[in-house]
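Colleague: Let me begin by handing over the structure; questions about it come next.
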Amino acid sequence: MEFDLLLGDVHSLKEKRAVVRPIVAELRRTFALSAAEVGDQDLHRRSSVGVAAVAADAAHLIEVLDTVERFVADRPEIELLSARRRMRSSDDD
């Protein structure tokens, strides 16, 4: 899943890091998944954050991703512009 974020009152890349890093760390810690800033590193008011998770059951994975999306959308310091999901299975080529 990839989130396109608009950051609030941020005027520098240093301020951006102070907003994005705690979100990425909390995603990792709370949901036990991989998370990283994956795009827009040179823009101080935008960020792309990607998360990846593995599950044996697609329904469980969807439930986790729904919860992660609500978590990101509820953050007051950012605006969630979009969330894109892509699911793969071991049967995919």
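Using the numbering used here, you'd call the opening residue of the sequence shown number 1 and step up by one each time.
Quick reminder that beta carbons are idealized off the backbone N, C-alpha and C, glycines included.
My understanding is that leucine 6 touches glutamate 79, with C-beta atoms under 8 Å, so please give their C-beta distance in whole angstroms.
Modeller: 4 Å
Colleague: Does the beta-carbon distance from leucine 65 to alanine 52 come in below 8 Å?
Modeller: no
Colleague: Note down the Cα distance separating leucine 27 from aspartate 92, rounded to an integer number of angstroms.
Modeller: C-alpha separation (whole angstroms): 27 Å.
Colleague: With a threshold of 7 Å on Cβ separation, who are the neighbours of arginine 85 within its own chain once the five nearest residues in sequence on each side are excluded?
Modeller: Only Met1 and Leu65 meet the Cβ criterion.
Colleague: Thinking C-beta only, is valine 38 closer than 8 Å to valine 49?
Modeller: yes
Colleague: For arginine 85, name the three-state secondary structure that DSSP assigns.
Modeller: coil
Colleague: Excluding five sequence neighbours on each side, which residues of the same chain lie with their C-beta closer than 8 Å to the C-beta of valine 10?
Modeller: Apart from the 5 residues on each side of it in sequence, valine 10 sits with its Cβ closer than 8 Å to the Cβ of Lys16, Val19, His44 and Arg45 in its chain, given in chain order.
Colleague: Within 10 angstroms of its Cβ, does isoleucine 47 collect 16 or more other Cβ (buried), or is it exposed?
Modeller: According to the sequence displayed, residue 47 carries serine and not isoleucine. Serine 47 should be labelled buried.
Colleague: How should alanine 35 be labelled, buried or exposed, when 16 other C-beta atoms within 10 angstroms of its C-beta is the threshold for buried?
Modeller: By the neighbour-count rule (16 or more Cβ atoms within 10 Å), alanine 35 is buried.
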